[in-house]
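Q:
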Amino acid sequence: MHSVDLGHLAQERIPCNLCGATTSEVLSRNCGLTLERCMSCGLICVNPQPTAEALRKHYGTDQPDSDQQWDGYFRHPQHQIEALWRERLDDLDAALQPGGRMLLDVGCGWGDFMHYASQRGYQVRGFEFSQLVAKVAHEKYGLDIAVGDIDEMHF
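What follows is the structure, given as structure tokens:
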């Protein structure tokens, strides 16, 4: 399955969202983004992160039928989409200690990643810019997804 390359988006390094530390280790690179683990608290996230403005511009449509970002995703059969997310979960599983696992999927889209993560025992929460996309994810998987601007979300 061909993945979207998000490396072209404007990005910025951020301190850990959980503890504020600035030291991290690279775990993997995929789709032009780098997955890192905070050396202080162990939080795993994308860093550097695309800027809020870049994400709004890239994902800010509620027209999935005509938007290129969504078209490419839906041209693939469900088994390929599942394989993509299971591969990403394998990466996370390899980096995490056994035990309770919580996942906050920021920009969770259609909810596929959250769905497969929950099947592996993760406690999942999600956020999405698009009301339409969050509604589809809820209808498809029964997921509760917060909708709005990331700067307004409280988890």
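The number in my numbering is simply the position in the sequence shown, starting from 1, with 389 added.
Using N, Cα and C, we set each Cβ at its ideal position, and we do this for glycine too.
Since this is a predicted model, take the numbers as computed values, not measurements.
For the candidate residues Arg402, Pro439, Thr440, whose alpha-carbon lies nearest to that of Cys427?
A: Measuring from the Cα of Cys427, the nearest candidate turns out to be Arg402.
Q: Would you kindly check if the distance between the Cβ of Ala506 and the Cβ of Val513 is under 7 Å?
A: Cβ distance < 7 Å, so Val513 and Ala506 count as in contact.
Q: With a threshold of 6 Å on Cβ separation, who are the neighbours of Leu407 within its own chain once the five nearest residues in sequence on each side are excluded?
A: Only Cys430, Leu432 meet the Cβ criterion.
Q: Taking its Cβ as the centre, do 16 or more other Cβ atoms sit within 10 Å of Gly515, making it buried, or is it exposed?
A: Buried, since its Cβ has 16 or more Cβ neighbours within 10 Å.
Q: Give me, in chain order, the residues of the same chain whose beta-carbon lies closer than 6 Å to that of Gln520; leave out the 5 immediate sequence neighbours on both sides.
A: Only Val536 meet the Cβ criterion.
Q: Tell me which residues share the same chain as Val525 and place their Cβ nearer than 7 Å to its Cβ, disregarding the 5 neighbours each side in the sequence.
A: These residues qualify, in order along the chain: Trp499.
Q: Could you tell me which residues DSSP pairs with Leu515 in its beta bridges?
A: The question names Leu, but residue 515 in the sequence shown is Gly. Its beta-bridge partners are Asp494, Ile534.
Q: Which residues share a DSSP beta bridge with Gln438?
A: DSSP lists Glu401 as partners of Gln438.
Q: Tell me the rounded alpha-carbon separation between Leu444 and Asp501.
A: Their Cα atoms are separated by approximately 19 Å.
Q: So, at 6 Å on beta carbons, what are the nonlocal neighbours of Met491 in its own chain, with the 5 sequence-adjacent residues on each side left out?
A: Same-chain partners within the cutoff: Gln512.
Q: For Arg426, which residues does DSSP report across the bridge?
A: Beta-bridge pairing links Arg426 to Glu414, Ile433.
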